[in-house]
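Residue numbers (this note's numbering): 46 to 447.
Structure, as structure tokens:
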Ligand code: NIG
Ligand code: FE
């Protein structure tokens, strides 16, 4: 057989979305043949291959697809974490020169190659946690040079490393300090200079805006989205995290690919999102890491007919979490997910949001062989054992990474 063939045997339980059946399926006793990085056959008593991997009757799932991360930063912000646990709020810290602008200072000063090495290390950590594909945002540069630098690093890491990265431009992450008293001038600069240059660079696929009190209001956000659309950048939005300023309604009017956070979304906004087919991305790690208690209303969103993904929101300030296993655990404990829905929302659904679901996000014939072999038997064991390292092996594009 082909020299790149791999056969997975003794799969105890294969849990994946099945696009023919249109739901999650869980099957026992299957084998998988992978050739040249693709899943060629799933079944029983399959032909032999050059390399055999024995799953030892364990659980097998697709690799995680994390559709919302901010991994391009230089220094961590553990000092701010210490201030928060001592009683300061995230908003107070940001108002006193910390927060996103703190990360902007260190990224702007950083050496390109050193920053790139840090991003690579973070990508290796994502792989260890079973994340084989992720969306990654710029947004700690907030000037032309540093935003282009952040996106260029994502592009290089994507082509040089095995993990798949889908880059998003997030120049509207915060108003940089040099525009402190004139946020509209920054929005102008974004629209006239930075967005056209980002489009010309040709790396970013999405244009994400932090539409929240103290960041970008509805009018500024709309202007940034419309300019992005003119340049072929699809809109995504961070909104309703701390307060409802109408961001979910704007997401519906702009037909955003997704609206993310949504802790404060209201009923009429939910109906507008359903009508406009805006998908929801819920980020319970942020609520948890900020020590807050109001999680997004998953059941209401789902019962209204919205399609829902979960993601880490990994960033140095509000959510220093890279593990999708932990996000799944939070989704079950605090948002009312069941385990099958949580796996769906962290594999196939995020692929659909990123429009890569033809190749990624499920274990099906013809798809990329992005696979987690767990040291566990049942799906519910994933969140139950979240504090242990329960991943036995990660396979990315058919390659056994560990
Ligand atoms: O929403 N998710 C995007 N931005 C974060 C803040 C990122 C940071 O603090 O660096 C947020 O909380
Ligand atoms: Fe975010």
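Even glycine gets a Cβ: it sits at the ideal position worked out from N, Cα and C.
query: Distance, residue 372 Cα to residue 105 Cα; result: 18 Å
query: Local conformation of residue 348 per DSSP, three classes; result: helix
query: Whole-angstrom C-beta distance between residue 415 and residue 376, which should lie under 8 Å; result: Not a contact, Cβ separation roughly 21 Å.
query: Outcome for residue 411 when other beta-carbon atoms lying within 10 angstroms are tallied against a minimum of 16; result: exposed
query: Per-residue DSSP class, three states only, for residue 377; result: helix
query: Reduced DSSP category for residue 77 - H, G, I as helix; E, B as strand; rest coil; result: strand
query: Contacting residues, own chain, Cβ-Cβ under 6 Å from residue 385 (five flanking each side not counted); result: 69
query: Cβ contact (3+ pairs, closer than 8 Å) linking the segment 292-305 and the segment 251-260; result: yes
query: Candidates 315, 187 and 242: closest to residue 353 by CA position; result: 315
query: Residues bridged to residue 167 [DSSP beta-bridge criterion]; result: Partner(s): none; residue 167 has no beta bridge.
query: Residue interval of the beta strand (DSSP E) (run including residue 281); result: 279-284
query: Contact check, residue 75 vs residue 60, beta carbons under 8 Å; result: no
query: Between the CA atoms of residue 438 and residue 262 - distance to the nearest angstrom; result: 45 Å
query: N-terminal and C-terminal residue of the alpha helix (DSSP H) that residue 245 is part of; result: 240-246
query: Residue 88 (DSSP reduced to helix, strand or coil); result: strand
query: Rounded C-alpha distance that separates residue 448 from residue 360; result: Because the chain in this structure spans residues 46 to 447, residue 448 falls outside the shown range and cannot be described.
query: Whole-number beta carbon distance between residue 328 and residue 113, since they are thought to touch under 8 Å; result: 6 Å
query: Spatially closest choice to residue 420 from 404, 447, 402 and 409, by CA coordinates; result: 447
query: Residue 115 Cβ short of 7 Å to the ligand FE heavy atom set; result: yes
query: The ligand FE heavy atom lying under 7 Å from the CB of residue 283; result: yes
query: Uninterrupted alpha helix (DSSP H) stretches inside the segment 88-117 (no shorter than 4 residues); result: none
query: Contact check, residue 449 vs residue 214, beta carbons under 8 Å; result: Residue 449 lies beyond the range of the chain shown here (46 to 447); nothing can be said about it.
query: Closer than 7 Å: residue 148 CB and nearest the ligand NIG heavy atom; result: yes
query: Buried or exposed (CB count within 10 angstroms, at least 16 for buried), residue 341; result: buried
query: Selection from 115, 160, 203 and 147 that minimises the alpha carbon distance to residue 365; result: 115
query: The ligand FE heavy atom lying under 7 Å from the CB of residue 360; result: yes
query: Residue 257 beta carbon less than 8 Å from that of residue 286; result: yes
query: Run of the beta strand (DSSP E) containing residue 58, from where it starts to where it stops; result: 50-63
query: Residue of 396, 212, 269 and 206 minimising C-alpha distance to residue 228; result: 269
query: Contact under 8 Å by Cβ, residue 321 with residue 297; result: yes
query: Residue span of the beta strand (DSSP E) that contains residue 255, given as start and end; result: 251-256
query: Identity of the residues DSSP links to residue 305 by a beta bridge; result: 283 and 326
query: Exposure label - residue 407; buried when at least 16 CB within 10 Å; result: buried
query: Short Cβ contact (8 Å threshold) for residue 78 with residue 92; result: yes
query: Where the alpha helix (DSSP H) through residue 130 begins and ends; result: 123-130
query: Residue 366 (DSSP reduced to helix, strand or coil); result: coil
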